[in-house]
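Novice: If you scroll down you'll find the structure; I have some questions about it.
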């Protein structure tokens, strides 16, 4: 089944404790992206990647890192989480060829930083 | 980022009423996609429009792309409680995406 998986789905952590949210897709998509969703602010793009070893900042990259060593994986790293990073995070992937830009979203990771 | 204005932010309708959400851009869009996010869920792709003036239908949903490719709309005829959720428009070329903040639809039986 074509899907984007994220782990963990829920995470409660403390300020400053490094964490990684994993994202994996099984559709051989080139494009992957991370978003955060906050009440009243909608979706905001954190980072995106157009292919392996190619990443770029979205609108809210501060406090986050990403890597794209393999096509299928696009982990989101919070080196020193802070309470303002408490949010719902979505990973998405897209083929982005042949004029199709349909994104497949993962189920989301709800992160609470205390 | 959010360079597409999506209105309204929130709409509350009685079941059976129609609903429309709009996305407006100051620049020409290469394409537009619409997504639906149910409460507690993740955004799910509905449709993509590419051509100027394009109109597509999915049952009670009608999607339009403006002639100038600067705006788009999603119209739901005779809403049902299953239509509840947030509707987003996205647009993008090969790299950074632009998208609307979403319209949250509440349907009361």
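Chains as they are written, first to last, in my numbering: chain A, 48 to 161; chain B, 2 to 110.
Every residue, glycine too, gets a C-beta built ideally from N, C-alpha and C.
Given the structure is predicted, the values throughout are model-derived calculations rather than measurements.
At which residue ranges does the stretch 6-78 of chain B contain complete beta strand (DSSP E) runs of 3 or more residues, listed in the order of the chain?
Specialist: Within the stretch 6-78 of chain B, the complete beta strand (DSSP E) runs of at least 3 residues are 11-15, 20-26, 33-38, 45-50, 56-59, 62-66 and 72-77.
Novice: Quick check: residue 104 of chain B and residue 7 of chain B, are their CB atoms within less than 7 Å of each other?
Specialist: Result yes, Cβ atoms of residue 104 of chain B and residue 7 of chain B sit closer than 7 Å.
Novice: Return yes when the Cβ of residue 133 of chain A is within less than 7 Å of the Cβ of residue 107 of chain A, no when it is not.
Specialist: No, the Cβ-Cβ distance between residue 107 of chain A and residue 133 of chain A is not below 7 Å.
Novice: Identify which residue in B:81, B:56, B:85 and B:82 has its Cα closest to the Cα of residue 73 of chain B.
Specialist: Considering only alpha carbons, the answer is B:56.
Novice: Looking only at C-alpha atoms, which of A:85, A:147, A:130 and A:70 sits nearest to residue 116 of chain A?
Specialist: Here the closest residue by C-alpha is A:70.
Novice: Helix, strand or coil: how does DSSP classify residue 106 of chain A here?
Specialist: Looking at residue 106 of chain A - three-state DSSP - the assignment turns out to be coil, as it is neither helix nor strand.
Novice: Residue 46 of chain B CB to nearest chain A CB: under 7 Å?
Specialist: Interface residue, yes.
Novice: Using 7 Å as the threshold, is the C-beta distance between residue 76 of chain A and residue 147 of chain A below it?
Specialist: Taking 7 Å as the Cβ cut-off, residue 76 of chain A and residue 147 of chain A do not qualify as a contacting pair.
Novice: If you reduce the DSSP assignment to three classes, tell me which class residue 73 of chain A lands in.
Specialist: In the structure shown, residue 73 of chain A sits in coil (DSSP, three-state: anything other than H, G, I, E or B).
Novice: Say whether chain B places a C-beta atom closer than 7 Å to the C-beta of residue 248 of chain A.
Specialist: Because chain A in this structure spans residues 48 to 161, residue 248 of chain A falls outside the shown range and cannot be described.
Novice: Would DSSP call residue 84 of chain A helix, strand or coil?
Specialist: In the structure shown, residue 84 of chain A sits in a strand (DSSP, three-state: E or B).
Novice: For a contact meaning CB atoms closer than 8 Å, what does residue 147 of chain A contact in chain B?
Specialist: Correct list: 49.
Novice: For residue 92 of chain A, which of helix, strand or coil comes out of DSSP?
Specialist: It is a strand residue.
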